[in-house]
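If you're matching positions, the sequence shown starts at 224 in our numbering and goes up one per residue.
Note that beta-carbon positions come from the ideal geometry of N, C-alpha and C, so glycine has one too.
A quick write-up on the structure given underneath.
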Amino acid sequence: MTVQNGMSLVEPDDAKLIASSITLPNGVVVQNRLVKAAMAEGIGLGGGPPQSGHLNLYRRWAQGGWGIIISGNVQIDPGHLASPHDLTLLPTPQCLKAYSALAKIVHAASASPPILLMQISHPGLQSSSTINLSRLPWQAAIAPCSARPDMNGGTMGWIWGHVIWPTKSRKIVNAVEWLDIVKKFVDAAVLAEKAGWDGVQIHSAHGYLLAEYLSPLTNPDPVSLPGVPDHIPIRLHLLYLILRGIHDNTDRKFVISVKINCSDFAQGGLDESQATEIVKSLVSWSLLDIIEISGGTYTHPAFAAPETLSSPSKRQSLFAHFTTSLLPFLSSPPDGPAIILTGGLHDRELIASSLREKACDLAGIGRPACLIPDLPNEIILNQDIVDKDARIGGYSIPGSELMRSLLGGGGGSNSTKQGVPLIGAGVSTLWHEWQLCRLGRGEEPDWDMHWLRGLMVEEVWWEVFRGGPGGWWRAWRG
Ligand SMILES: Cc1cc2nc3c(=O)[nH]c(=O)nc-3n(C[C@H](O)[C@H](O)[C@H](O)COP(=O)(O)O)c2cc1C
Numbered sequence: 224m225t226v227q228n229g230m231s232l233v234e235p236d237d238a239k240l241i242a243s244s245i246t247l248p249n250g251v252v253v254q255n256r257l258v259k260a261a262m263a264e265g266i267g268l269g270g271g272p273p274q275s276g277h278l279n280l281y282r283r284w285a286q287g288g289w290g291i292i293i294s295g296n297v298q299i300d301p302g303h304l305a306s307p308h309d310l311t312l313l314p315t316p317q318c319l320k321a322y323s324a325l326a327k328i329v330h331a332a333s334a335s336p337p338i339l340l341m342q343i344s345h346p347g348l349q350s351s352s353t354i355n356l357s358r359l360p361w362q363a364a365i366a367p368c369s370a371r372p373d374m375n376g377g378t379m380g381w382i383w384g385h386v387i388w389p390t391k392s393r394k395i396v397n398a399v400e401w402l403d404i405v406k407k408f409v410d411a412a413v414l415a416e417k418a419g420w421d422g423v424q425i426h427s428a429h430g431y432l433l434a435e436y437l438s439p440l441t442n443p444d445p446v447s448l449p450g451v452p453d454h455i456p457i458r459l460h461l462l463y464l465i466l467r468g469i470h471d472n473t474d475r476k477f478v479i480s481v482k483i484n485c486s487d488f489a490q491g492g493l494d495e496s497q498a499t500e501i502v503k504s505l506v507s508w509s510l511l512d513i514i515e516i517s518g519g520t521y522t523h524p525a526f527a528a529p530e531t532l533s534s535p536s537k538r539q540s541l542f543a544h545f546t547t548s549l550l551p552f553l554s555s556p557p558d559g560p561a562i563i564l565t566g567g568l569h570d571r572e573l574i575a576s577s578l579r580e581k582a583c584d585l586a587g588i589g590r591p592a593c594l595i596p597d598l599p600n601e602i603i604l605n606q607d608i609v610d611k612d613a614r615i616g617g618y619s620i621p622g623s624e625l626m627r628s629l630l631g632g633g634g635g636s637n638s639t640k641q642g643v644p645l646i647g648a649g650v651s652t653l654w655h656e657w658q659l660c661r662l663g664r665g666e667e668p669d670w671d672m673h674w675l676r677g678l679m680v681e682e683v684w685w686e687v688f689r690g691g692p693g694g695w696w697r698a699w700r701g
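Rendered as structure tokens:
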């Protein structure tokens, strides 16, 4: 119960609060507060547009009651992938057809379809030439600096760092190359709109190229770019041009969103006070409908904190302390952008209290959506389930501790054993992607899937060998 002007008001119960709609600055109405966060689907190899597996997966999500569905990262440059399974987007008829088919499926899947956003992205210096095979091994990634991600020191860190990134990134030094990147982002957004998507999310978090531009660690001397008003800080020039370009070249109803770190969690990297100033600037431009808050990079993958998998009692989501102190300074939607908070929001009570305490306007949910694609309808908004039971509950990945230890990823959340954080996070991410591959084949997720079984069956047999001759035939037929 809250008291306002001397009158007591009964607050809506948790499920009703989460089920309430919200209007974005561009007038688009989101039917509830649940967002399927961006997750690389892990389906298919070597880049390219969505395949039948993607269509099946997105149909399941679209029938699940989500307010917004954000795609996995779609790379704007096929030479720079974040994983060998990444989707790419190019201005070709084939791409337009495939992305249109996906949008149609999502919009037709239910009477009240979700808003569908495409996460457009460039991994910057974190793109590996050896794992993704999207360019020759000696061809460098690009970034505002010449570096390779720090794999946390130690012998294992050194070995992994040099295997994944045989060369340091090439530093982009001239404005023309940055402007070309701006163009690629804008073109991708325009194509997404043409393909019937409801909007885009610009990936400017997790140590990707745009986050590298924002970070003092990876961009100590930002390049000033032409065409930017004087009052915009140089560090924000790249993001400004991309947002301005998309805003000016798409319809007002096309949703524009950005995903940004509250901190890089790295010495010398973007910190919370800098992130606060960046968010305030972004809001002041009035170009955005949604801002999603996340945190971390490949070096410190805070967004993949393993605690959230196994501790349902944890009463704090990953970055709520940041948004709770930020939101009082921002206008609420529709006067300002809606804020998505993502990371650890895996139960109804926590989501509702985050909305009530103004930690967010929308709740982003990642990993649980791999195991329960219709999580909103099935659990969070399901009035037949009492609040205390409306949660995912703890689960652990069979064999993951062993694999983390063997691969040098440390001993898991409760261990004091140091390791390479990216490997630890990767073990969990891959397992969740394998669940998405199962959904893409029309199968149910397998909570008991041993990590090694996932590697052999999902990754090697289904993804690399496409499930044998039948799969080759289907792939050849398109
Ligand atoms: C399988 C998987 C793939 C992911 N891919 C992306 C991605 O493409 N883009 C992105 O911004 N975040 C990605 N993430 C991070 C999620 O969006 C989210 O920030 C993270 O999982 C924390 O939320 P959660 O605790 O609800 O899982 C991925 C996470 C997982 C588990």
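Assign residue i to one of two classes, buried (16 or more other C-beta atoms within 10 Å of its C-beta) or exposed (fewer than that).
i: Gly567; result: buried
i: Ile382; result: exposed
i: Pro443; result: exposed
i: Gln317; result: exposed
i: Ser540; result: buried
i: Lys407; result: buried
i: Arg697; result: exposed
i: His454; result: exposed
i: Leu432; result: buried
i: Val609; result: exposed
i: Val252; result: exposed
i: His655; result: buried
i: Ser344; result: buried
i: Phe688; result: exposed
i: Thr441; result: buried
i: Arg256; result: buried
Assuming residue i is part of the beta strand (DSSP E), what are its boundary residues?
i: Ser480; result: 478-484
i: Ala648; result: From DSSP, Ala648 is part of no beta strand (DSSP E) but of the alpha helix (DSSP H) over 644-663.
i: Ile292; result: 291-298
i: Ala586; result: 585-588
i: Ile514; result: 513-517
Under a three-way DSSP split, which group does residue i fall into?
i: Arg282; result: helix
i: Val451; result: coil
i: Glu667; result: coil
i: Lys394; result: strand
i: Ile365; result: strand
i: Ala242; result: helix
i: His569; result: coil
i: Ala261; result: coil
i: Trp696; result: helix
i: Gly422; result: strand
i: Thr311; result: strand
i: Pro535; result: With a pLDDT of only 44 at Pro535, under the threshold of 50, the placement of this residue in the model should not be trusted, and no figure is reported.
i: Tyr521; result: coil
So the alpha helix (DSSP H) residue i belongs to, where does it begin and stop?
i: Leu340; result: No alpha helix (DSSP H) holds Leu340; the beta strand (DSSP E) holding it covers 338-344.
i: His330; result: 316-331
i: Val502; result: 495-507
i: Val386; result: 377-387
i: Pro302; result: In the sequence as presented, Pro is not what sits at residue 302; that position holds Gly. Taken as a continuous stretch (DSSP letters only), Gly302 belongs to no alpha helix (DSSP H), as it is neither H nor E.
i: Glu624; result: 623-630
i: Thr546; result: 543-549
Using beta carbons (cut-off 8 Å, strictly below), is residue i in contact with chain D?
i: Pro389; result: The chain labelled as chain D is not found in the depicted structure, where only one protein chain is given.
If contact is defined by three or more beta carbon pairs under 8 Å, each pair taking one atom from either stretch, is the segment 373-380 in contact with the segment 333-341?
Flag = no, the segment 333-341 and the segment 373-380 do not touch.
Between the segment 520-529 and the segment 465-478, can you find at least three pairs of beta-carbon atoms closer than 8 Å?
No: the two stretches stay apart, fewer than three of their Cβ pairs being nearer than 8 Å.
So, does the segment 656-672 touch the segment 682-691, judging by three or more C-beta pairs under 8 Å?
Output reads yes: the segment 682-691 touches the segment 656-672.
Take every Cβ of the segment 553-566, pair it with every Cβ of the segment 574-587, and state whether three or more of those distances are shorter than 8 Å.
Output reads yes: the segment 574-587 touches the segment 553-566.
Report yes or no: do three or more beta-carbon pairs, one from the segment 595-609 and one from the segment 283-299, lie closer than 8 Å?
By the Cβ rule, the segment 595-609 counts as touching the segment 283-299, because three or more pairs are nearer than 8 Å.
Would you call the segment 303-314 and the segment 384-398 in contact, with 3 or more CB pairs under 8 Å?
A contact is defined here as three or more CB-CB pairs under 8 Å, and the segment 303-314 fails this definition with respect to the segment 384-398.
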